[in-house]
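S.K.: My questions all concern the structure below.
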Amino acid sequence: MSLMNELILALCLSVPALGMSTYKNKKACQYMPQIVKSAKKHEIKIEILVSLIFVESSFRRKAVSNKGACGLTQVMPKYTGKYSPIKKYSCDQLKDPYTSIRAGSKILRWWINYHDGDLKRALCSYNAGFRCGKNKKRKISKLGMKYSRKVLEKANLIETKKNQFLNK
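Remember, my numbering sits 108 above the position in the sequence shown when you count from 1.
Following this line, the structure appears as C-alpha cells:
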C-alpha cells in the first residue's frame, strides 16, 4: 500500500472519533483524497482541514447556513470574487465537494498568511472575518476564538487516532 493510501486509510479510520454516524463517516472518507490533496497544496495540516469541515458542515456537501454559507467548508458566496483570495462562486457551485474543499483551503491559507502563521487567529478569522484582526487593541470575536479552539481540539483528536493507526 502506498504511503498516500495508508494516510487516507488512517484518516478514514480516525473520523469515527468525532462521533458522527456511519453514513457521515463514509462521506468523510469519500472526500478524504481531495482533502489530503488540497491540504498539501495549500500547506495546511490535514487534520486541521478535516476538523474544519467537520465543524463547519459535518461533511454535508449541500449544507447552507442561516447566514448563507455553503458547502462542506461553508464559504460565503457574497465574499468570493474580486476582493477575495478565490474566484467568484455561487452557492450551487460551492455545494460541489471538490470546489468547496479547494475554496475553503485557499481561504484558510490566506488567513494563515494574513496572521503571520498564527493558526488560532487564522481559524478565528475563517469563522468571524476581520473581527479577529491583527490589531491587539481591537476586541477579538469570542465566538470566533471558541470556534478556533473547537477546530483545534477536534484536529488533535483526529491526529492522535491517525497516529495510533499509522504506528501499529
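Note that beta-carbon positions come from the ideal geometry of N, C-alpha and C, so glycine has one too.
In the DSSP assignment, what residue or residues form a beta bridge with C178?
M.R.: BP columns for C178 point to V172 and V183.
S.K.: Grab the span of the alpha helix (DSSP H) containing P193 for me, first residue to last.
M.R.: Where P193 is concerned, there is no enclosing alpha helix (DSSP H), given that its DSSP letter is neither H nor E.
S.K.: Measure the Cβ-Cβ separation of R169 and K203 and say whether it is below 8 Å.
M.R.: Against a cut-off of 8 Å, the Cβ pair of K203 and R169 comes out as a contact.
S.K.: Thinking just about the alpha-carbon of each residue, which of L216, T268, P193 and L274 is nearest to the one in I161?
M.R.: Selected option, being the one with the closest Cα: L216.
S.K.: Is the beta carbon of T181 less than 8 Å from the beta carbon of G212?
M.R.: Closer than 8 Å, so yes.
S.K.: With DSSP as the reference, label E151 as helix, strand or coil.
M.R.: Correct three-state label for E151: coil.
S.K.: What residue does the alpha helix (DSSP H) around R229 start on, and which one ends it?
M.R.: Start and end: L227 to A236.
S.K.: Taking E155 and I266 to be in contact with their CB atoms under 8 Å, please state how far apart those CB atoms are, rounded to whole angstroms.
M.R.: That pair is a contact at about 4 Å.
S.K.: Check each candidate in C199, P185 and G179 and name the one with the smallest Cα separation from P193.
M.R.: Comparing Cα positions, the closest option is P185.
S.K.: What does the alpha-carbon distance come out to for the pair K254 and N133?
M.R.: One C-alpha to the other measures close to 24 Å.
S.K.: Which of the three DSSP states, helix, strand or coil, is assigned to D224?
M.R.: D224: coil per DSSP, three-state reduction.
S.K.: Figure out for me which residue from R229, K175 and F167 has the closest Cα to the Cα of Y131.
M.R.: That would be F167, whose Cα lies nearest to the Cα of Y131.
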